[in-house]
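In this note's numbering, the protein residues as written are 876 to 1195. Input: a single structure, listed below in structure tokens.
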């Protein structure tokens, strides 16, 4: 039969204080109750723990041995209870557990990794799961805690919170510029090859704006893809002109493997969203992560250093 922990605690405090009177003062439990607990413990163990003939509380040999075990047990139990208390408080505050983050591919290594690293530096008890969207192994938007995207998903009970805006621009490689030349005004783009993003939300006509006028972006698509990384790779390879997020090409600009095309002409800035299921926003860790995303969007061009070291300027391909 398992021993009652309150009986063990009563015995330990009686031996520790060497007096029922002092044990009563320390615990607030009456001497009669402490005495009954001690008697029940001895009955359960089948052994005398305290010498009854002494005016002072003196443990027997069995009592001394049992007291050592009890103190060790109570100390360990106290530590475990304190740990449990801290874990419960952390769970209650939302800063423990798992956080599932889904992001469009071009946001993952260039931006979301940086924000996640900042988040984990403050909240190391949270396990972050980061997924690139669009892969078979990726969770559904409604199953993730947070989805970082450039187009708000139209799903029931999914809230898309705007956290910032991104600027876009036209880019080409120096190799392509030497081979084809570069346009001096938007209407000349029709003569140049285009590396295009093919996604449902990008089927409309893109309009470029300068300080004083606007012009439709019309050119001949030779490559279409649904991945900004693929677009940038083909652009660096000299395959054509691509419309890319400005922050996304900063390493290649610094390296010299991409150059701006018509830098005074830009499409409208596009918003970044953090989308989440309505019921999940009660989580403190999700709120904190989304706030961190919003705080870092303004500095997004400074985070993308990953590609710069691997980008290379390819030699011109021989004609024919």
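Using N, Cα and C, we set each Cβ at its ideal position, and we do this for glycine too.
Mind checking whether residue 1111 and residue 1042 have CB atoms under 8 Å apart? In the chain shown, the residue the question calls residue 1111 occupies position 236. In the chain shown, the residue the question calls residue 1042 occupies position 167. No.
Counting only the same chain and skipping the five closest in sequence on each side, list residues whose C-beta sits under 8 Å from that of residue 1123. Locating residue 1123 in the chain shown gives position 248, counting from the first residue. Closer than 8 Å at the Cβ level, and outside the excluded window around residue 1123, lie 981, 985, 1103, 1107, 1179.
With 16 as the cutoff for other CB atoms within 10 Å, does residue 880 come out buried or exposed? Mapped onto the chain shown, residue 880 falls at position 5. Burial state of residue 880 is exposed, judged by a 10 Å Cβ sphere holding fewer than 16 other Cβ atoms.
Where the beta strand (DSSP E) through residue 1083 begins and ends: Indexing the chain shown from 1 puts residue 1083 at position 208. First-last of the beta strand (DSSP E) with residue 1083: 1082-1084.
Under a three-way DSSP split, which group does residue 1008 fall into? What you label residue 1008 is simply residue 133 of the chain shown in a count that begins at 1. Three-state result, residue 1008: coil.
Straight-line gap, residue 1137 to residue 1058 (C-alpha atoms, nearest Å): Along the chain shown, one-based indexing puts residue 1137 at 262. Along the chain shown, one-based indexing puts residue 1058 at 183. Taking the straight line from one Cα to the other gives about 7 Å.
Does DSSP put residue 893 in a helix, in a strand, or in coil? In the chain shown, the residue the question calls residue 893 occupies position 18. In this structure, DSSP gives residue 893 a state outside helix and strand, which the three-state scheme calls coil.
Within 8 Å, strictly: CB atoms of residue 1197 and residue 1113: With the chain represented from 876 up to 1195, any question about residue 1197 goes unanswered, as that position is not in the structure.
8 Å Cβ cutoff met for residue 895 and residue 882: As a first step, residue 895 must be located in the chain shown, where it is residue number 20. As a first step, residue 882 must be located in the chain shown, where it is residue number 7. At the C-beta level, residue 895 and residue 882 stay beyond 8 Å of one another.
Every unbroken alpha helix (DSSP H) inside the segment 1102-1138 [4 residues or more]: For secondary structure counted as the alpha helix (DSSP H) over 4 or more consecutive residues, the segment 1102-1138 holds these complete runs in sequence order: 1103-1111, 1125-1130.
What is the rounded straight-line gap between the Cα of residue 1156 and the Cα of residue 1174? Working through the chain shown from its first residue, we reach residue 1156 at position 281. Working through the chain shown from its first residue, we reach residue 1174 at position 299. Approximately 25 Å, taken between the alpha carbons.
Grouping DSSP H, G and I as helix and E and B as strand, with all else coil, what is residue 981? Taking the first residue of the chain shown as 1, we reach residue 981 at position 106. Correct three-state label for residue 981: helix.
Say whether the segment 1015-1028 touches the segment 1144-1155, bearing in mind that this needs 3 or more beta-carbon pairs closer than 8 Å, one atom from each stretch. Two segments are said to touch when three or more pairs of C-beta atoms, one from each, lie closer than 8 Å; by this definition the segment 1015-1028 touches the segment 1144-1155.
By the 10 Å Cβ neighbour count, where 16 or more other Cβ atoms means buried, how is residue 1097 classified, buried or exposed? Along the chain shown, read from residue 1 onward, the residue named residue 1097 stands at position 222. Its Cβ having fewer than 16 others within 10 Å, residue 1097 is exposed.
Residue 1061, enclosing beta strand (DSSP E) - first and last residue: Working through the chain shown from its first residue, we reach residue 1061 at position 186. No beta strand (DSSP E) contains residue 1061, which DSSP labels as neither H nor E.
Quickly, what does DSSP pair residue 1043 with across the bridge? List them, please. By 1-based counting over the chain shown, the position of residue 1043 is 168. BP columns for residue 1043 point to 1120.
Am I right that residue 1038 and residue 1168 are in contact with their C-beta atoms under 8 Å? What's the rounded C-beta distance? Mapped onto the chain shown, residue 1038 falls at position 163. Mapped onto the chain shown, residue 1168 falls at position 293. About 5 Å separates the Cβ atoms of residue 1038 and residue 1168, confirming a contact at the 8 Å cut-off.
Taking Cβ positions, are residue 977 and residue 942 nearer each other than 8 Å? For the purposes of this step, residue 977 is taken as residue 102 along the chain shown, with counting starting at 1. For the purposes of this step, residue 942 is taken as residue 67 along the chain shown, with counting starting at 1. Contact flag unset, no.
Spatial neighbours of residue 1031 within its chain, please: CB distance less than 7 Å, with the 5 preceding and 5 following residues excluded, ordered by chain position. The residue you call residue 1031 lines up with position 156 of the chain shown. Correct list: empty, nothing qualifies.
Using the beta-carbon count (16 or more within 10 Å), is residue 885 buried or exposed? Here residue 885 is taken as the residue at index 10 of the chain shown, counted from 1. Result: buried.
Mind checking whether residue 1093 and residue 1064 have CB atoms under 8 Å apart? As a first step, residue 1093 is located in the chain shown; it is residue number 218 there, counting from the start. As a first step, residue 1064 is located in the chain shown; it is residue number 189 there, counting from the start. Taking 8 Å as the Cβ cut-off, residue 1093 and residue 1064 qualify as a contacting pair.
Assumed close pair residue 1001, residue 1162 - CB separation to whole angstroms, cut-off 8 Å: Within the chain shown, numbered from 1, the residue matching residue 1001 stands at position 126. Within the chain shown, numbered from 1, the residue matching residue 1162 stands at position 287. With 8 Å as the limit, residue 1001 and residue 1162 do not qualify as a contact, their Cβ atoms being about 13 Å apart.
Option nearest residue 938 by Cα separation, candidates 993, 891, 1144: For this step, residue 938 is matched to residue 63 along the chain shown. Minimum Cα distance to residue 938 is reached at 891.
Ordered along the chain, which non-local residues of its own chain (more than five positions away) have a Cβ less than 7 Å from that of residue 1091? Translated into the one-based positions of the chain shown, residue 1091 becomes position 216. Within its own chain, the residues whose Cβ lies closer than 7 Å to the Cβ of residue 1091, once the five positions on either side in sequence are excluded, are 1080, 1082, listed in chain order.
Can you have a look at residue 950 and say buried or exposed, based on whether 16 or more other CB atoms are within 10 angstroms of its CB? Looking up residue 950 in the chain shown gives position 75. It counts as exposed.
Return the CA-CA distance between residue 1056 and residue 1066, expressed in angstroms with no decimal places. Here the question's residue 1056 lines up with position 181 in the chain shown. Here the question's residue 1066 lines up with position 191 in the chain shown. About 11 Å.
Span separating the alpha-carbon of residue 974 from that of residue 1004: In the chain shown, the residue the question calls residue 974 occupies position 99. In the chain shown, the residue the question calls residue 1004 occupies position 129. Using only the alpha carbons, I get a separation of about 6 Å.
How about residue 913 and residue 901: do their beta carbons lie closer than 8 Å? Within the chain shown, numbered from 1, the residue matching residue 913 stands at position 38. Within the chain shown, numbered from 1, the residue matching residue 901 stands at position 26. Note that the C-beta distance between residue 913 and residue 901 is not below 8 Å.
How long is the line joining the alpha carbons of residue 1170 and residue 945, rounded to whole angstroms? Residue 1170 sits at position 295 when you count from the first residue of the chain shown. Residue 945 sits at position 70 when you count from the first residue of the chain shown. Residue 1170 and residue 945 have their C-alpha atoms roughly 53 Å apart.
Closest by CA to residue 1132, which one among 1012, 920, 1046? On the chain shown, residue 1132 is found 257 positions in, with the first residue counted as 1. Cα-wise, what sits closest to residue 1132 is 1046.
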